[in-house]
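Residue numbers (the working numbering): -5 to 97.
Next comes the structure, spelled out in structure tokens:
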């Protein structure tokens, strides 16, 4: 049986990358990212999104500005754009769909 928690984590990571790619070049606050994630997973929480953002930041796919007032502002960076645009291979941990078109 598939590990549903793993599928959820990796799908959320992919959705975060897509969201931040669409927010380029400005970036987005985590609240916007959370609202997108909640369209797929209505029970998603701020903490869950922050955990996956932190994971993506650790992989040098996004930059996170943790503001003093407690809000997080995030932007996709070059390598993250390359992952979204299918120009580089993606390592395990992100549920990027197989490429079904010619790049």
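Built from N, CA and C at the ideal position, the CB exists for glycine as well.
It should be emphasised that the depicted structure is a prediction, and the values quoted were computed from it without experimental measurement.
Just mark residue i as buried or exposed, buried being the case when its beta carbon has 16 or more other beta carbons within 10 Å.
i           : result
residue 10  : buried
residue 56  : buried
residue 13  : buried
residue 88  : buried
residue 30  : buried
residue 20  : exposed
residue 27  : buried
residue 107 : Because the chain spans -5 through 97 in this model, residue 107 falls outside it and cannot be assessed.
residue 43  : buried
What is the DSSP secondary structure of residue i, reduced to helix, strand or coil?
i          : result
residue 69 : strand
residue 37 : coil
residue 56 : strand
Check the C-beta distance from residue i over to residue j and give it rounded, since I have them as a contact under 8 Å.
i          : j          : result
residue 24 : residue 40 : 7 Å
residue 15 : residue 78 : 4 Å
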